[in-house]
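Each residue of the sequence shown is one higher than the one before, counting from 86 in my numbering.
Every residue gets a Cβ at the ideal spot worked out from N, C-alpha and C, and that includes glycine.
Here's the structure, in structure tokens; my notes come after.
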Amino acid sequence: VTLAFLFLINIMLRFFPVLTLSWYEEIVELLFSWFIFFGATALVRSKGHFVVGLLPNLLDGKASKRLLMLVVNGLTLIFYVLLVYYGFDLVQRTTNTSPVLKLPRSLFYLCIPVSAIFMVIYTIRDFVMDVLMPSKRTV
86 VTLAFLFLIN IMLRFFPVLT LSWYEEIVEL LFSWFIFFGA TALVRSKGHF VVGLLPNLLD
146 GKASKRLLML VVNGLTLIFY VLLVYYGFDL VQRTTNTSPV LKLPRSLFYL CIPVSAIFMV
206 IYTIRDFVMD VLMPSKRTV
């Protein structure tokens, strides 16, 4: 809602130039990056990401499907842990500020490791569910 409101205000100010919003682009960039990464986190939580189901569908009802799901969740977990690690590394190495609002640029990148932490939690949840209740898992 905030992002849509800022877009609307900026469009109106282009037609009626009573003032300029010099800070507009920085706020939109900040909000957009946080929205994207937390949208990705919401997809991980609901298992809504794109899935190629050919192999799991071929293995349906077999023990090898359970093993495949464990391997996929394990590799996904490794990726998210690396995203947390290198995301925090990026945040720590970023020292510049935004030109207008003087916000630390690390605030713009902080959404990467923060959302990846939640992705790790949800992937661990999926991993545990695959081990404890493999029949409840959908592709």
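Output the distance between the C-alpha atoms of Arg-99 and Asn-181, rounded to the nearest integer angstrom.
30 Å
From Leu-153, Phe-135, His-134, pick the residue whose C-alpha is nearest to that of Leu-143; which is it?
Leu-153
Take Ala-127 as the anchor and find which of Met-204, Ile-197, Val-213 has the nearest alpha-carbon.
Met-204
Does the Cβ-Cβ distance between Val-169 and Ala-125 come in under 8 Å?
no
Helix, strand or coil, according to DSSP, for Thr-179 in the structure here?
coil
Going by alpha carbons, who is nearest to Glu-114 out of Thr-161, Phe-193, Val-199, Phe-90?
Phe-193
To which residues of the same chain is Trp-119 closer than 7 Å at the C-beta, ignoring the five residues directly before and after it?
Cys-196
Mapping the DSSP letters down to three states, classify Pro-189 as helix, strand or coil.
strand
Between the Cα of Lys-187 and those of Leu-140, Asp-211, Lys-150, Ile-112, spot the shortest distance and give me the residue it belongs to.
Ile-112
From the DSSP output, in three-state form, read off Trp-108 for me.
coil
Between Phe-123 and the rest of its own chain, which residues show a CB-CB distance below 6 Å, the 5 nearest in sequence each way excluded?
Ser-200
Straight-line CA distance for Phe-117 to Val-216?
36 Å
Assuming Asp-215 is part of the alpha helix (DSSP H), what are its boundary residues?
196-217
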